[in-house]
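Going by the UniProt record's numbering, the first residue of the sequence shown is number 1, and it counts up by one from there. Positions of the beta carbon are idealized from the N, C-alpha and C atoms, including for glycine. Keep in mind the model is a prediction, meaning the values are calculated, not measured.
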Amino acid sequence: KLREKLSLVAVYLLSCKHSVAEDLKKRIWPQDYLYSDIHLYSFSDLENVISGVLEKKLNALIKFTINHVENCKLCLQKGFICELCSAKKIIYPFQVDVADRCHDCGAVYHIKCFKGVECPKCIRKAKYASQRASNLPLE
């Protein structure tokens, strides 16, 4: 779960200022697979899982990346508003305890809001695609 979270928040830094992306890469090198291929482990990583070293490293990287997102004007604007409840608080895909992503379109919602409902964005996309296919005016 930590590697999934790191992978989701790393996207923000890698698309931000060049120096921040470089800083992340320097902090994690040569283990960039920790965020780019979350199911890949080296033998050393497996030893570090048992000793707790990997968890500490991942938590430190996550803290660094989230701190950046929370303090960067550009990254802050890449958050989402839950379309299902319209709460004003911005949510991010890396907030894995409160946010969930649609597997089809990538929209982000609160877990509690998204449970058992269809994605509104996917419904709209399907509706617009259907209207285009039948040459009806878009609503």
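Here K5 is not near F80, since their CB atoms are 8 Å or more apart. Between D104 and K121, the alpha-carbon positions lie close to 10 Å from each other. Taking a 10 Å sphere around the C-beta of V49, we find fewer than 16 other C-beta atoms and assign the residue as exposed. Partner residues in a beta bridge of V98, as assigned by DSSP, do not exist. For Y109, the uninterrupted beta strand (DSSP E) segment begins and ends at V108 to H110. Apart from sequence neighbours up to five positions away, the residues of its chain that approach D45 with a beta-carbon distance below 7 Å are L54, ordered along the chain. A Cβ-Cβ distance of about 6 Å is found for the pair C119 and A107, placing them in contact under the 8 Å criterion. A check of alpha carbon separations from L2 across K63, V20 and Y92 identifies K63 as the nearest. In the three-state reduction of the DSSP assignment, I38 falls in the coil class.
A direct Cα-to-Cα measurement between S7 and D23 gives close to 15 Å. Of the residues C113, A129, V20 and S51, the one whose Cα lies closest to the Cα of C72 is V20. Burial check for A129: the Cβ neighbour count within 10 Å stays below 16, so the residue is exposed.
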